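Below is one structure, written out as structure tokens; comments come after it.
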Ligand SMILES: Cc1cc2nc3c(=O)[nH]c(=O)nc-3n(C[C@H](O)[C@H](O)[C@H](O)COP(=O)(O)OP(=O)(O)OC[C@H]3O[C@@H](n4cnc5c(N)ncnc54)[C@H](O)[C@@H]3O)c2cc1C
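In our numbering, the protein residues as written are 751 to 1044.
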């Protein structure tokens, strides 16, 4: 049986941040791109705000995810009918998927703790579902997940690994990106300082509990009204890599700060809109700032 976590990634084509000499070198590679049938093998709650669903199955014998901000595209059953419409592998064992000619319910999630299931030898990983106030098919599934439930998972297509050379990382995240933040904290060297600014209102105790589970020395501070102001206060020096993810509109001032005020090199930061208030199934490839698309 293949050791899923140990799959060597295929190298990416050269980009600045893929120069091993760079302080912000990330490395990474591409993975076999396919659709995998996933079964729920465990359900738990790391904190009350999240449901953790463990997924595994025979299709995961070669599943790999080596980057902290990797994502999988998860296909959910219709909450009303229970019907799951999803892609299938193009040809068994090869790259590619075939999409059915029917509407599908898919959302992006962070694969956490990729590993090999000791009992079966199959690859396994966790998805942490935030229980938000306006649940679509994803949050609804998470709230009611039970052993044996079936999903289809596509990706990750590739991984960009955590930088191993930066003295400090600054993570600016709302709860949808807490899983990614916990991967960042776990996947940088122990010598890398990890500061987290959380876009959470009110009591931060649950955020601290969640974010310190993988590394207990991370600092956690509130983002407040304007995430850019919080980052100005925290400071970004030449050795700091910044990862920001969460509600897309909230990231606009942060993007302006990093790009135009601080003029950081592109390799020194990564921003991603994980959802958008009022929009179901927000596409994270859409520009964060519609007034200033990339
Ligand atoms: C790369 C990537 C990784 C992600 N990883 C995770 C992850 O690990 N865990 C996780 O929980 N989410 C994660 N997300 C975010 C998740 O995909 C979205 O929150 C998604 O919209 C949830 O789907 P849904 O079916 O519950 O709601 P949808 O059907 O998409 O939306 C229904 C309504 O809920 C609103 N909504 C969506 N998300 C939220 C929210 N967080 N808070 C309040 N309202 C919301 C929408 O604006 C819409 O009005 C990730 C997104 C990306 C792009």
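Beta carbons: idealized from backbone N, C-alpha and C, even for Gly.
Please read these numbers as outputs of a predicted model, since none were measured by experiment.
Taking the Cβ of residue 781 as the reference point, every heavy atom of ligand 1 lies at 7 angstroms or farther away. Taking C-beta atoms as the reference points, residue 805 and residue 904 fail to come closer than 8 angstroms. Separation of residue 1022 and residue 838 (C-alpha to C-alpha, rounded to the nearest whole angstrom) is 27 angstroms. A residue is called buried when at least 16 other Cβ atoms come within 10 angstroms of its Cβ; residue 1016 does not meet this threshold and is exposed. Comparing alpha carbon positions, the residue from 970, 910 and 1043 closest to residue 814 is 910. By the criterion of a C-beta distance shorter than 7 angstroms, residue 954 is surrounded in its chain by 948, 970 and 972, once the five residues flanking it on both sides are discounted.
A Cβ-Cβ contact shorter than 8 angstroms links residue 809 with residue 787.
Partner residues in the beta bridge of residue 1026, as assigned by DSSP, are 1029. The continuous alpha helix (DSSP H) containing residue 936 extends over residues 928–937. Segment contact: the segment 915–925 against the segment 991–1003, three or more CB-CB distances shorter than 8 angstroms; contact assigned. Distance between residue 873 and residue 821, taken at the CA atoms: about 16 angstroms. Secondary structure at residue 770: coil, using DSSP grouped into helix, strand and coil.
The Cβ neighbour count for residue 1010, taken over all protein chains shown within 10 Å, is under 16; the residue is labelled exposed.
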